[in-house]
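Residue numbers (my numbering): 1 to 243.
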């Protein structure tokens, strides 16, 4: 079929569109837009252009693009956009340990660092039921540091899959982040790729993989929330990933 031919009747096509702004960011966009107009009135174009650039950045930060999530009971998809900064087996934090959470053994933790230029909407890595959500106040260290998982403001979530398997997700605030938002509560049902939270202005998300799940990403790889497969049950680890 040439580019001039029409697709067959009944064919479904996809089109690119500008990402929408998430409702949580619309008030910030409105405030930034108002300040930009005020700057134009008080200081002319000299103030307008830098303020307009900042307003565009606010819109980009809270962008909420459409994602297509791969389907499969053996898949764990990324909950965040960003850089895979750590893949290591570490002891569980107390909030995720125990029979009612992820058990008592050390698990592989995949850490995804979100810069201020990444999409900050977090998405469910598997379909299932939210079993627990635990918020912990703390510091605002650089989220790329390993100790940020123990000292920074953070929020743990446990999702139980349809087969009884459990995945832990930790949202960690960073240097600029000052608010962790969650759109779900214990008892809620989620589907893979569903939006479950947001962290404002730079942060990190950790995913705790069960022993029967092999990491499918490598250090330095870019992950896309709701699309990148970061773990697969019964598979071999991605090249360069230590177990």
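From the three backbone atoms N, C-alpha and C, an ideal C-beta is built for every residue, glycine too.
Just mark residue 88 as buried or exposed, buried being the case when its beta carbon has 16 or more other beta carbons within 10 Å.
exposed
Taking its Cβ as the centre, do 16 or more other Cβ atoms sit within 10 Å of residue 81, making it buried, or is it exposed?
Result: buried.
Label residue 72 either buried or exposed according to how many other C-beta atoms from any shown protein chain fall within 10 Å of its C-beta, with 16 as the threshold for buried.
exposed
From what residue to what residue does the beta strand (DSSP E) around residue 207 run?
203-209
Proximity to residue 159 [Cα-Cα], best of 153, 107 and 208
208
Residue 106 burial status per 10 Å Cβ neighbour count (16 or more: buried)
exposed
How is the beta strand (DSSP E) around residue 214 delimited, first residue to last?
213-215
Starting from the C-beta of residue 199, find all residues in its chain whose C-beta is less than 6 Å away, skip the five residues before and the five after it, and write them out in chain order.
So the qualifying residues of the chain are 120, 171, 177 and 180.
Start and end of the alpha helix (DSSP H) containing residue 271?
The requested residue 271 does not occur in the structure, where the chain is confined to residues 1 to 243.
Residues in its own chain within less than 7 Å of residue 222 by CB, not counting five upstream and five downstream?
Spatial neighbours of residue 222 in its own chain (CB-CB distance under 7 Å, excluding positions within 5 residues in sequence) are listed in chain order as 83.
Distance, residue 135 Cα to residue 154 Cα
6 Å
Which residues does DSSP list as the beta-bridge partners of residue 198?
Answer is 121 and 181, bridged to residue 198.
Nearest neighbour of residue 216, chosen from 108, 65 and 133 [CA to CA]:
108
Quick one: residues in its chain with C-beta nearer than 6 Å to the C-beta of residue 168, no 5 flanking neighbours on either side, listed in chain order?
Correct list, in chain order: 96, 102, 158 and 208.
Residues near residue 48 by beta carbon distance below 6 Å, same chain, minus five either side:
39 and 40
Could you give the first and the last residue of the continuous alpha helix (DSSP H) run that contains residue 60?
45-61
Residues near residue 187 in its chain [Cβ-Cβ closer than 6 Å; skip 5 each side]
none
Where do the ends of the beta strand (DSSP E) carrying residue 191 lie?
It is not in any beta strand (DSSP E) - residue 191 carries neither H nor E in the DSSP assignment.
Around the C-beta of residue 122, are 16 or more other C-beta atoms found within 10 angstroms, so that it is buried, or is it exposed?
buried
Can you tell me whether DSSP reads residue 39 as helix, strand or coil?
helix
Residue 23 to residue 161, Cα distance in whole Å?
28 Å
Closest residue to residue 114 among 130, 124 and 79 (Cα-Cα distance):
Taking the Cα of residue 114 as reference, the smallest distance to any Cα among 130, 124 and 79 is reached at 79.
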